[in-house]
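Colleague: Protein chains in written order, with the working numbering: chain W, 9 to 159; chain L, 9 to 159; chain R, 9 to 159; chain V, 9 to 159.
(1) Suppose the cutoff is 7 Å on Cβ atoms and the five residues either side in sequence are ignored; what does the same chain contact list for residue 133 (chain W) look like?
(2) Do you know offhand how far residue 131 (chain R)'s Cα is from residue 142 (chain R)'s?
(3) Quick check: what's the CA-CA separation for residue 9 (chain W) versus residue 139 (chain V)?
(4) What is the DSSP secondary structure of residue 140 (chain L), reduced to helix, strand or coil?
(5) Could you name each continuous beta strand (DSSP E) segment of 3 residues or more that falls completely within the region 63-114 of chain W, going from the start of the chain to the end?
(6) Could you pull out every residue in the same chain whose Cβ sits closer than 6 Å to the Cβ of residue 75 (chain L), ignoring the five residues on either side in sequence?
(7) Which residues in chain L sit within 8 Å of residue 85 (chain R), going by Cβ to Cβ distance?
(8) Which of helix, strand or coil does DSSP assign to residue 35 (chain W)?
(9) Nearest-angstrom Cα distance between residue 146 (chain V) and residue 118 (chain V)?
(10) Is residue 129 (chain W) helix, strand or coil when you go by DSSP?
(11) Does any C-beta atom of chain L lie closer than 7 Å to the C-beta of residue 88 (chain V)?
(12) If contact means a Cβ-Cβ distance below 7 Å, which residues of the region 44-78 of chain R contact chain W?
(13) Span of the alpha helix (DSSP H) holding residue 20 (chain W)?
(14) Less than 7 Å separating the beta-carbons of residue 88 (chain V) and residue 70 (chain L)?
(15) Quick one: is residue 157 (chain W) buried, meaning 16 or more other Cβ sit within 10 Å of its Cβ, or exposed?
(16) According to a CB-to-CB cut-off of less than 7 Å, which residues of the region 143-158 of chain L neighbour chain W?
(17) Taking Cβ to Cβ, would you say residue 35 (chain W) is nearer than 7 Å to residue 53 (chain W)?
(18) Using only CA atoms, which one of R:79, R:94, R:128 and R:154 lies nearest to residue 60 (chain R)?
(19) For residue 82 (chain R), decide whether its Cβ has a neighbour in chain L, counting only Cβ atoms nearer than 7 Å.
(20) In terms of residues, what are the limits of the beta strand (DSSP E) holding residue 42 (chain W)?
(21) Taking its Cβ as the centre, do 16 or more other Cβ atoms sit within 10 Å of residue 136 (chain V), making it buried, or is it exposed?
(22) For the alpha helix (DSSP H) containing residue 55 (chain R), name the first residue and the last one.
(23) Out of R:110, R:127, R:73 and R:57, state which residue places its alpha-carbon closest to the alpha-carbon of residue 25 (chain R).
(24) Run the CB neighbour count on residue 153 (chain L), radius 10 Å, all protein chains shown included, and call it buried at 16 or more, exposed below.
(25) So what does DSSP say about residue 160 (chain W), is it helix, strand or coil?
(26) Go through its chain and collect everything with a Cβ distance to residue 82 (chain R)'s Cβ below 6 Å, but skip five positions before and after it.
(27) Along chain W, which residues have their Cβ under 7 Å away from the Cβ of residue 91 (chain R)?
(28) Flag residue 122 (chain L) as yes if its beta-carbon sits less than 7 Å from any beta-carbon of chain R, otherwise no.
(29) Between the C-alpha atoms of residue 33 (chain R) and residue 44 (chain L), what's the straight-line distance to the nearest angstrom?
(30) Take the Cβ of residue 62 (chain W) as the centre, count every other Cβ of all protein chains shown within 10 Å, and call the residue buried at 16 or more, exposed below.
(31) State the CB to CB distance for the pair residue 121 (chain W) and residue 144 (chain W), rounded to an integer number of angstroms; the pair is presumed to be in contact (CB under 8 Å).
(32) Residues in the same chain with beta-carbon distance under 7 Å from residue 155 (chain V), minus the five sequence neighbours each way, listed in chain order, please.
(33) Could you tell me if residue 18 (chain L) is buried or exposed, where buried requires 16 or more neighbouring beta carbons within 10 angstroms of its beta carbon?
(34) Taking only the alpha-carbon atoms, compute the straight-line gap between residue 27 (chain W) and residue 37 (chain W) and give it to the nearest angstrom.
(35) If we cut at 7 Å on Cβ distances, does residue 9 (chain L) have a partner in chain R?
Below you can see the structure in the form of structure tokens.
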């Protein structure tokens, strides 16, 4: 039976520590961590998941594995540029945002559009109708509880 | 010489009147109006542009013209679902948002990600770093002035 | 009322002359010529259409107008790389292939997948189940007759 | 260290037996089997890989897991329809085609466009420049040898 998939989105080197904790907590809970496959928050979340013995998938924008971080078990090469943000959002049973800029906002919007539970770990994008959490632990628990509630 | 292309994004029947005015103002200024090609705000903006003798392009999410509104001169059928929002944002020299929900937020985010000038016509999504306008006239003037400033 | 849209696909500098004739014939018949917006066959088809007073649309793979040819009335910037080949195929009421390599084959396949009439102008990809024409005139007549038959 | 990923593409219930063998052989060799995630050849290849203890990834066209087969360890939900064929082709270090129709031809074309080794298991699409194999064993060996040669 397939494990729950949780997409961790975001960017910004100052958010890597918390992203790594989010990844570790998800890995400990048996969740597969899905990301956009590149650096900073994406790399940190994957690193954290691997440290906890978890499984990681990166969904890359380019036409090759170039730019993929080293903590990915599986790499999906989409070739569709920023439109891969839709796939990152859609592939999560829940989505957790850690930091991030415009690409992250697009992913939050797509996740809401598709009805995926989304949690923004503070500080981060403030969007009306999107849940927030103060700590990595709270973000993970909130995201997973929403998946369970929706199932 | 190709005319300026301005993408008008959004949704919500209550915003159609202002969207039609935005479309008309753009048509009067010789701009091509680009939209997602469907109903409500998208249809109203195209209708306004056509009333002013302008040209309209709809970028559809599906695999056929199904759901296209009747005020489109040209229809691009993308087949890529919500990922067509990236194309709508990217195809505008500027982007004006009128109302709208999550799909509109994704388009605002993509437009900013790609460096396109974006104006939200109030009321509408409040996003840090995105310009706002109180009236259709102000939205159009602001959007066009930003294109000229960037050119 | 919107004119018929015909996508002209292909590549290869040795095919430009015939692509230009295809574009001209389509323009003379009031068809809008849709292409992938770049050079060689795409540019030649658009050039021919403009010489006949026609309208042209280019559907670009990148995130900006970079690489667009100069004979396009309207440019759709998709940002999705080679996946824009799906949009080029889907946006034609019919598709005519002139020369071309792997990207063209992908477009032929997508056009067939979506039920669009496809004509390969000889020489060109030989694909079982895809119609062929010996001259630009024959390619255009065959493509348009298949659209009418399907309508 | 990430295992080699091989995409198995195709369709047609009459090809399921050979697709399952291809999947099993890939699983035995430690390859991750990537498919479009749905039925027939895609399901059979994944089933074969799981029977051999392998890992499977499905790259789905829709906006949810609807239509996913039951032999997938990980599911990527792209939301981009047939454009996901680009991702299926691009995500393989090599691509093996078993049966298939127009969507498969698009994947073969994209794989060649991106420089991925492609092998068609006979009978199947005959495309100039694409290698062919008479048996599942030969198809797998040829595909893997080409990856090694290219590395």
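Where a beta carbon is used, it is the ideal one built from N, C-alpha and C, also for glycine.
All values reported here derive from a predicted model rather than from experimental measurement.
Modeller: So, to answer that:
(1) Taking the first chain and counting its residues from 1, the one referred to as residue 133 (chain W) is at position 125. Hits under 7 Å: 105, 108, 112, 113 and 116.
(2) Translated into the one-based positions of the third chain, residue 131 (chain R) becomes position 123. Translated into the one-based positions of the third chain, residue 142 (chain R) becomes position 134. Rounded to whole angstroms, residue 131 (chain R) to residue 142 (chain R) spans 8 Å at the Cα level.
(3) The count along the first chain starts at 1 and reaches residue 9 (chain W) at position 1. The count along the fourth chain starts at 1 and reaches residue 139 (chain V) at position 131. Because residue 9 (chain W) sits at a pLDDT of 34, beneath the cut-off of 50, its placement in the model cannot be relied upon, and the following sentence gives the value as read from the coordinates. Spanning the two alpha carbons is a distance of roughly 36 Å.
(4) Reading the second chain from its first residue, position 132 is the one you call residue 140 (chain L). Note: residue 140 (chain L) maps to strand in three-state DSSP.
(5) 64-68, 82-85 and 102-107
(6) Stepping through the second chain from its first residue, residue 75 (chain L) is reached at position 67. Excluding the 5 residues flanking it on each side, residue 75 (chain L) has same chain C-beta neighbours closer than 6 Å at 46, in chain order.
(7) For the purposes of this step, residue 85 (chain R) is identified with residue 77 of the third chain, where counting begins at 1. Using a Cβ-Cβ cut-off of 8 Å, residue 85 (chain R) is close to 95, 98 and 99 of chain L, given in chain order.
(8) Here residue 35 (chain W) corresponds to residue number 27 of the first chain, with the count starting at 1. Here residue 35 (chain W) sits in helix by DSSP.
(9) Translated into the one-based positions of the fourth chain, residue 146 (chain V) becomes position 138. Translated into the one-based positions of the fourth chain, residue 118 (chain V) becomes position 110. One C-alpha to the other measures close to 22 Å.
(10) Taking the first chain and counting its residues from 1, one reaches residue 129 (chain W) at position 121. Looking at residue 129 (chain W) - three-state DSSP - the assignment turns out to be strand.
(11) One-based indexing of the fourth chain puts residue 88 (chain V) at position 80. Yes, residue 88 (chain V) lies at the interface with chain L (some Cβ there is under 7 Å from its Cβ).
(12) 71
(13) The residue labelled residue 20 (chain W) in the question sits at position 12 within the first chain. Counting along the chain, residue 20 (chain W) falls outside any alpha helix (DSSP H), and DSSP gives it neither H nor E.
(14) For the purposes of this step, residue 88 (chain V) is taken as the residue at position 80 of the fourth chain. For the purposes of this step, residue 70 (chain L) is taken as the residue at position 62 of the second chain. No; because the gap between Cβ atoms is not below 7 Å, this pair is not in contact.
(15) In the first chain, the residue the question calls residue 157 (chain W) occupies position 149. The residue in question, residue 157 (chain W), is exposed, as its Cβ has fewer than 16 Cβ neighbours within 10 Å.
(16) none
(17) Working through the first chain from its first residue, we reach residue 35 (chain W) at position 27. Working through the first chain from its first residue, we reach residue 53 (chain W) at position 45. Against a cut-off of 7 Å, the Cβ pair of residue 53 (chain W) and residue 35 (chain W) comes out as no contact.
(18) Along the third chain, read from residue 1 onward, the residue named residue 60 (chain R) stands at position 52. If we check each option's Cα against that of residue 60 (chain R), R:79 comes out closest.
(19) Start at 1 with the first residue of the third chain, and residue 82 (chain R) comes out as number 74. For residue 82 (chain R), the answer is yes, since a Cβ of chain L falls inside 7 Å of its Cβ.
(20) In the first chain, residue 42 (chain W) corresponds to position 34, counting from 1. 40-43 is the extent of the beta strand (DSSP E) around residue 42 (chain W).
(21) Within the fourth chain, residue 136 (chain V) is the residue found at index 128, counting from 1. The residue in question, residue 136 (chain V), is exposed, as its Cβ has fewer than 16 Cβ neighbours within 10 Å.
(22) As a position in the third chain, residue 55 (chain R) is number 47, starting the count at 1. Its alpha helix (DSSP H) spans residues 49-59.
(23) Stepping through the third chain from its first residue, residue 25 (chain R) is reached at position 17. Of the listed residues, the one whose Cα sits closest to residue 25 (chain R) is R:57.
(24) For this step, residue 153 (chain L) is matched to residue 145 along the second chain. Under this definition residue 153 (chain L) is an exposed residue.
(25) The structure shown does not extend to residue 160 (chain W), since chain W spans only 9 to 159, so no value can be given for it.
(26) By one-based count along the third chain, residue 82 (chain R) stands at place 74. For residue 82 (chain R), where only same-chain residues beyond five positions count, the Cβ hits under 6 Å are 65.
(27) On the third chain, residue 91 (chain R) is found 83 positions in, with the first residue counted as 1. Going along chain W in sequence order, the residues near residue 91 (chain R) (Cβ under 7 Å) are 87 and 88.
(28) As a working note, residue 122 (chain L) is residue 114 in the second chain. For residue 122 (chain L), the answer is yes, since a Cβ of chain R falls inside 7 Å of its Cβ.
(29) Indexing the third chain from 1 puts residue 33 (chain R) at position 25. Indexing the second chain from 1 puts residue 44 (chain L) at position 36. Taking the straight line joining both Cα atoms gives about 30 Å.
(30) Looking up residue 62 (chain W) in the first chain gives position 54. Counting Cβ neighbours within 10 Å, residue 62 (chain W) comes out buried, since at least 16 surround it.
(31) Start at 1 with the first residue of the first chain, and residue 121 (chain W) comes out as number 113. Start at 1 with the first residue of the first chain, and residue 144 (chain W) comes out as number 136. Residue 144 (chain W) and residue 121 (chain W) do not touch by the CB rule: their CB atoms are close to 25 Å apart, not below 8 Å.
(32) Here residue 155 (chain V) is taken as the residue at index 147 of the fourth chain, counted from 1. Once the five neighbours on either side are set aside, the close Cβ partners of residue 155 (chain V) are 12, 101, 102 and 125.
(33) Here the question's residue 18 (chain L) lines up with position 10 in the second chain. Its Cβ being crowded by 16 or more others within 10 Å, residue 18 (chain L) is buried.
(34) On the first chain, residue 27 (chain W) is found 19 positions in, with the first residue counted as 1. On the first chain, residue 37 (chain W) is found 29 positions in, with the first residue counted as 1. In a straight line, the C-alpha of residue 27 (chain W) is about 16 Å away from that of residue 37 (chain W).
(35) As a working mapping, residue 9 (chain L) is identified with position 1 in the second chain. Since pLDDT at residue 9 (chain L) reaches only 34, below the 50 mark, its modelled position is unreliable, and the value read off the structure follows with that caveat. Using a CB distance cut-off of 7 Å, residue 9 (chain L) does not count as an interface residue toward chain R.
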